[in-house]
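Undergrad:
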């Protein structure tokens, strides 16, 4: 491929969030470092490399191409890194500027701050450091800078700091203040910080200034994604008072009522929209109605909405089919899902109430196959999931995703196809798909469903070799299988392995999930084995974060073991520690149980010495020993 063709390919794919297999191939083969690229070409190359998760390569290209202090060139690639939300490249651009003794200006700093604010959660705090550097360098922040900083605070869930920041900004006039809030609201809205966008808009309204249609639309869009319907109505009324509501405004209202699961109100907004002579519903309007029907569990509205779409002469898009399939997945309606699928892709003759000229040619994408798999899983038709993957070349080509892999593994679990699961997992790995801890968890469950515990155990040990793969659920599923098969000694062995793993991998966040099930299974097995020493060891090592309900169940199990062993002292001690923490009914029953154990041992006097007798005096002193 020559340079001109390569540039054309880059240009064609700049508007997409993905990198096609063709472009990926030529990005690997084309001698990028051996050419001199224009600013525009350099930006396209860097953006493509970021999309491919090759930030280091992007920085290498920048160091290769920026050979002299060129502020415009530096700022263009800095702005590109901000648009891509890549902090690593943005900070690398700052290093390149410093290398050439090129003092960063407001554009460079703002781009870096914005990139950090949009990047991973561990990069967001860096935005605060960059703002301090900016102020120290006597570079005056602009409205976009403040908007990026507010986004960073929003992503860290720090509303008080946002208030402090907006109150400390030296606004030159009302227009400047509106500009700052506009940047902040739009940034929050575009980066899914909808709650903060709504609250910022409310602050702006306190000044009584109409901020403009673009800000109102951004605020409407954010409110539509939150349950704050009252705020949405307020914004909509504001728009009505200052301008004619647009199709976008009505779509936001319908979407908001859909999120609130209020189908009737969404239809009322649609009726109001139809009464406006200058406004016509579009496919987004009808998709919002369909989604409202799904979220309201009003699937009976599908035929009516589809009839409205047909009467409006509007063709389905990819989102329409996905919403229809999502509705079918609620009750596992395979027949209806396949009907919608054929309608969208083949234009078959529809039912009598739909025109025969209605041909929907939807380009199938990953989401469609994933949602169709969800329909099959909901219906329990696991074979259909496997057949879809094995028989549809288009599915294998476009639906290579973690979600599809998880559906396939769940289907293999239901069918007990462990060999098929191993082959599917290997296929995804060979195609470069990262295997998530969830996928490995499903593999464990496949082996256990096929009654192959040894294979599951070996797979667990293989998972333990890689940091971050094994989780609390990995041990739980093995222990549940062993307990079900009454292999209680093996349950305790897996429990000990879990404790050892937690000690050696204390930084693994997946081992910090609630451990209730692990301890309950271990305690039950220890009681079944009449291993009183292990029972006491398990109870003494309970995590402080354990819920009271589970702690109570473990106390009951431990006390029952004490009764079998005649260990009255341990029973009284454990009950004394829980005095005042149990609910009334449980406390009474536990008190009777403890008294029974003490009576059987004939140790009334010595039992009163445990904990100073608090367990006795605080519970049933009016009825003596309760015998």
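Residue numbers (our numbering): 173 to 799.
We put the beta carbon where it would ideally sit given N, CA and C, even for glycine.
(1) Just to confirm my understanding: we take residue 688, look at its own chain, exclude 5 residues before and 5 after, and list those with CB closer than 7 Å. What are they?
(2) Going by DSSP, what residue range makes up the alpha helix (DSSP H) through residue 494?
(3) Which complete alpha helix (DSSP H) runs does the region 532-593 hold, if anything under 4 residues is left out?
(4) Counting Cβ pairs, one atom from each stretch, are 3 or more of them under 8 Å apart for the region 618-627 and the region 640-654?
(5) Rounded to the nearest angstrom, what separates residue 616 and residue 412 at their Cα positions?
(6) Express the C-alpha separation of residue 731 and residue 740 in angstroms, rounding to a whole number.
(7) Give the secondary structure of residue 431 by DSSP, where H, G and I count as helix, E and B as strand, and everything else as coil.
(8) Please state the DSSP three-state secondary structure of residue 393.
(9) Are the region 489-504 and the region 450-463 touching by the rule of at least three beta carbon pairs closer than 8 Å?
(10) By DSSP, does residue 487 sit in helix, in strand, or in coil?
(11) Look at the alpha carbon of residue 729 and the alpha carbon of residue 759, and state the distance between them as a whole number of angstroms.
(12) Within 10 Å of its beta-carbon, does residue 453 have 16 or more other beta-carbons around it, so buried, or fewer, so exposed?
(13) Thinking residue 328 and residue 296 are a contact (beta carbons under 8 Å), I'd like their distance in whole angstroms, please.
(14) Measure the CB-CB distance between residue 286 and residue 320 and report whether it falls below 8 Å.
(15) In chain order, what residues of the same chain have a beta carbon less than 8 Å from the beta carbon of residue 685, not counting five sequence neighbours either side?
(16) Do you know how far the Cα of residue 336 is from the Cα of residue 257?
(17) My output table needs one value for residue 445: the three-state DSSP class, helix, strand or coil.
(18) Sorted by chain position, which residues of the same chain lie with C-beta nearer than 6 Å to residue 737's C-beta, five sequence neighbours on each side aside?
(19) If I'm right that residue 299 touches residue 289 with Cβ under 8 Å, what's the distance once you round it to whole angstroms?
(20) When burial is assigned at 16 or more other CB atoms within 10 Å of the CB, is residue 175 buried or exposed?
(21) How is residue 625 classed by DSSP in three states: helix, strand or coil?
(22) Can you give the Cα-Cα distance for residue 589 and residue 458, rounded to whole angstroms?
(23) Output yes or no for whether 8 Å exceeds the beta carbon distance between residue 224 and residue 196.
(24) Taking Cβ positions, are residue 577 and residue 611 nearer each other than 8 Å?
(25) Do you know offhand how far residue 414's Cα is from residue 370's?
(26) Among the residues of its own chain, which have a CB less than 6 Å from the CB of residue 523, if the five just before and after it don't count?
(27) Please return the same chain residues whose Cβ sits closer than 6 Å to the Cβ of residue 173, not counting the five positions on each side in sequence.
(28) Tell me whether residue 585 is buried or exposed, calling it buried when 16 or more other Cβ atoms sit within 10 Å of its Cβ.
(29) Near residue 571, what residues of its chain come up, given a Cβ to Cβ distance below 7 Å and the 5 sequence neighbours on each side ignored?
(30) Given residue 444, which residues of its chain have a CB within under 8 Å of its CB, disregarding the five upstream and five downstream residues?
(31) What is the DSSP secondary structure of residue 183, counted as helix, strand or coil?
(32) Measure the CB-CB distance between residue 184 and residue 191 and report whether it falls below 8 Å.
(33) When the distance is taken between beta carbons, is residue 216 closer than 8 Å to residue 182?
(34) Does chain B have any CB closer than 8 Å to the CB of residue 328?
(35) For residue 253, count neighbouring Cβ atoms within 10 angstroms of its own Cβ and tell me buried if that reaches 16, exposed if not.
(36) Using 8 Å for Cβ pairs, my map puts residue 607 next to residue 660. What's the rounded Cβ distance?
TA: Taking the structure as given:
(1) 718, 719 and 722
(2) 490-503
(3) 538-551, 554-563, 565-570 and 574-587
(4) yes
(5) 57 Å
(6) 9 Å
(7) helix
(8) helix
(9) yes
(10) coil
(11) 15 Å
(12) buried
(13) 6 Å
(14) yes
(15) 643, 644 and 645
(16) 25 Å
(17) helix
(18) 704
(19) 5 Å
(20) exposed
(21) helix
(22) 41 Å
(23) yes
(24) yes
(25) 19 Å
(26) Interpretation of residue 523 is limited by its pLDDT of 30, a score under 50 that renders its predicted location unreliable; the figure taken from the coordinates is listed afterwards. There are no such residues.
(27) 198
(28) buried
(29) 538, 541 and 542
(30) 422
(31) helix
(32) no
(33) yes
(34) The structure shown contains no chain B; it holds only a single protein chain.
(35) buried
(36) Not confirmed; about 32 Å, so no contact.
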